[in-house]
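Visitor:
Numbering (the numbering used here), first residue to last: 279 to 440.
This is the structure:
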């Protein structure tokens, strides 16, 4: 016979039975911080590239911020990729099986894959003629990422009541 402590309706057992998708605090904060810096470095590159041209001896030259922004942006891709990859089992797989946030979740996956592809294309594949198109595809998608991330978080918290 079950006692009250071991009842299936006990709040502690009910909470444990719910699927767990929420990332741990360090994981969440790490992703938020890295995404914020990645976004800031991308925006600073855009500003430097399009609006902060420096007059030089032979015409306009690039602003020093453009180079530094691109270096930070490229360097942050590795830790962001690591943290996103570490979400595959706990967060993505469990949420997909429970049919939670599938639309915004798959949109995030596709958007991040497109960013990776266009970033790779900019670095390794783009000729000088095609570089503006690769760049436009990359930065337009990158500017959309924060809005989709906020939407994904909001939808997830709304469903779990947080």
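Glycine included, every Cβ here is placed at the ideal spot set by N, Cα and C.
Please read all numbers here as calculations on a predicted model, not as lab measurements.
What's the gap between the Cα of residue 374 and the Cα of residue 354?
Guide: As a first step, residue 374 is located in the chain shown; it is residue number 96 there, counting from the start. As a first step, residue 354 is located in the chain shown; it is residue number 76 there, counting from the start. Straight-line Cα distance between these residues: approximately 27 Å.
Visitor: Straight-line CA distance for residue 377 to residue 389?
Guide: Indexing the chain shown from 1 puts residue 377 at position 99. Indexing the chain shown from 1 puts residue 389 at position 111. Whole-angstrom Cα-Cα distance: 20 Å.
Visitor: Is residue 304 helix, strand or coil when you go by DSSP?
Guide: Residue mapping note: residue 304 aligns to position 26 of the chain shown, counting from 1. Helix, per DSSP.
Visitor: What would DSSP say about residue 344, mapped onto helix, strand or coil?
Guide: Locating residue 344 in the chain shown gives position 66, counting from the first residue. Of the three classes helix, strand and coil, the one that applies to residue 344 here is helix, per DSSP.
Visitor: Can you tell me which residues form a DSSP beta bridge with residue 338?
Guide: Looking up residue 338 in the chain shown gives position 60. Note: residue 338 sits in a beta bridge opposite 333.
Visitor: Determine contact between the region 386-401 and the region 324-332, defined as no fewer than three beta-carbon pairs at a distance below 8 Å.
Guide: No, they do not touch.
Visitor: Within 10 angstroms of its Cβ, does residue 420 collect 16 or more other Cβ (buried), or is it exposed?
Guide: Taking the chain shown and counting its residues from 1, the one referred to as residue 420 is at position 142. Burial call: buried.
Visitor: Assuming the contact rule is C-beta atoms closer than 8 Å, residue 299 and residue 372 should be a hit. Round their C-beta distance to whole Å, please.
Guide: As a working note, residue 299 is residue 21 in the chain shown. As a working note, residue 372 is residue 94 in the chain shown. With 8 Å as the limit, residue 299 and residue 372 qualify as a contact, their Cβ atoms being about 6 Å apart.
Visitor: So what's residue 408 in DSSP terms, helix, strand or just coil?
Guide: Your numbering for residue 408 matches position 130 in the chain shown. Residue 408 falls in the coil class under three-state DSSP.
Visitor: Is the separation between the beta-carbon of residue 382 and that of residue 430 shorter than 8 Å?
Guide: Against the chain shown, residue 382 aligns to sequence position 104. Against the chain shown, residue 430 aligns to sequence position 152. Contact flag set, yes.
Visitor: Relative to the C-alpha of residue 367, which candidate in 436, 416, 414 and 301 has its C-alpha closest?
Guide: Counting from one through the chain shown, the residue named residue 367 turns up at place 89. When only C-alpha atoms are compared, the closest one is 301.
Visitor: Identify whether residue 299 lies in helix, strand or coil by the three-state DSSP scheme.
Guide: Here residue 299 is taken as the residue at index 21 of the chain shown, counted from 1. It is coil, neither helix nor strand.
Visitor: Can you list the alpha helix (DSSP H) stretches of 4 or more residues lying completely in the region 341-429, in chain order?
Guide: Segments of the alpha helix (DSSP H) lying fully in the region 341-429: 342-363, 372-375 and 380-398.
Visitor: How many angstroms separate the CA atom of residue 385 from the CA atom of residue 338?
Guide: Reading the chain shown from its first residue, position 107 is the one you call residue 385. Reading the chain shown from its first residue, position 60 is the one you call residue 338. Rounded to whole angstroms, residue 385 to residue 338 spans 39 Å at the Cα level.
Visitor: Could you check the C-alpha separation between residue 313 and residue 333 for me, to the nearest Å?
Guide: In the chain shown, the residue the question calls residue 313 occupies position 35. In the chain shown, the residue the question calls residue 333 occupies position 55. Their backbone Cα atoms lie some 33 Å apart in a straight line.
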